[in-house]
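**Q** Shown below is the structure under consideration.
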Amino acid sequence: MKKLIWVASFTSVLVGIGFFVTQKLFSHNFHITGTIGLDPNLESRAKRPNTVLFLIAKNHAGIPVAVKRIINPQFPLKFEIDSEDLVLPGGSWTGPLHVEVLVNNHGHAGVILPGDLTGSHSTLVATGSTPISITVDKVLNKPDPHS
């Protein structure tokens, strides 16, 4: 009986290690790096206290695949999105992505208010490609749906 318990415990440990190693091996394929710049005319808006920058990688349908949140960003900002930023942990992504930035003072990625700032990379990005450059250069004027 003790031998059976030992074998079961040992097998559980091996399965756990195998799962961890497999996740690490396959999720390392997701990697996007680059620099985020800021239009000088928007500097005062982006340097307010409690500013939050969301770096969002979306698939062809506009669904977020990865999101990175940075509090009080300093521009120019070097960034890296990797497997830890995937919306579905332990997953992977191989298709082209649209990468965009949202900067605001309310801290919500899914809520767009007048005065929020944005910018995006001009072309689709492949994971593991050369570093990209994004400039935060637009002020959003979408009306607040709560007013």
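Just so we're aligned, residue 366 is where the sequence shown starts under the working numbering, counting upward by one. Using N, Cα and C, we set each Cβ at its ideal position, and we do this for glycine too. Small disclaimer: the values here were computed from a predicted structure and weren't measured.
Need the endpoints of the alpha helix (DSSP H) that R410 sits in, please.
**A** Counted from its first residue, the sequence shown places residue 410 at position 45. Residues E408 to A411.
**Q** By Cβ distance, which residues of its chain are closer than 6 angstroms to P485, with the 5 residues on each side in sequence left out?
**A** Here the question's residue 485 lines up with position 120 in the sequence shown. Checking the sequence, you will find Ser at residue 485 rather than Pro. Contacts found: E465.
**Q** Hey, G427 and P496 are a contact pair by Cβ (cut 8 angstroms); roughly how many whole angstroms apart?
**A** Locating residue 427 in the sequence shown gives position 62, where the first residue counts as 1. Locating residue 496 in the sequence shown gives position 131, where the first residue counts as 1. Not really, about 24 angstroms apart at Cβ, beyond 8 angstroms.
**Q** Could you pull out every residue in the same chain whose Cβ sits closer than 8 angstroms to the Cβ of L407, ignoring the five residues on either side in sequence?
**A** In the sequence shown, residue 407 corresponds to position 42, counting from 1. The residues are L482, V501, D502 and V504.
**Q** Return the residue from the list L478, H471, G480 and V490 that minimises the CA-CA distance to R434.
**A** In the sequence shown, residue 434 corresponds to position 69, counting from 1. Comparing Cα-Cα distances from R434 to each of L478, H471, G480 and V490, the minimum goes to H471.
**Q** Helix, strand or coil for P429 per DSSP?
**A** Locating residue 429 in the sequence shown gives position 64, where the first residue counts as 1. Here P429 sits in strand by DSSP.
**Q** When every heavy atom of the ligand ADP is checked, does at least one fall within less than 7 angstroms of the C-beta of K412?
**A** Here there are no bound small molecules, and the ligand ADP is not part of this structure.
**Q** Assuming V452 and V432 make a contact with CB atoms under 8 angstroms, what is their CB distance in whole Å?
**A** Position 87 of the sequence shown, counting from 1, holds the residue named residue 452. Position 67 of the sequence shown, counting from 1, holds the residue named residue 432. The Cβ separation is near 6 angstroms, so the contact holds.
**Q** Pull up the CB-CB distance for G402 and P441, whole angstroms please, since I reckon it's below 8 angstroms.
**A** Along the sequence shown, read from residue 1 onward, the residue named residue 402 stands at position 37. Along the sequence shown, read from residue 1 onward, the residue named residue 441 stands at position 76. Rounded, the Cβ-Cβ distance is 5 angstroms, consistent with contact.
**Q** What did DSSP end up calling S448 once you bin it into helix, strand or coil?
**A** As a working mapping, residue 448 is identified with position 83 in the sequence shown. Helix at S448.
**Q** Among the residues of its own chain, which have a CB less than 7 angstroms from the CB of N424, if the five just before and after it don't count?
**A** Within the sequence shown, numbered from 1, the residue matching residue 424 stands at position 59. Closer than 7 angstroms at Cβ, skipping near neighbours: V430, G460 and L462.
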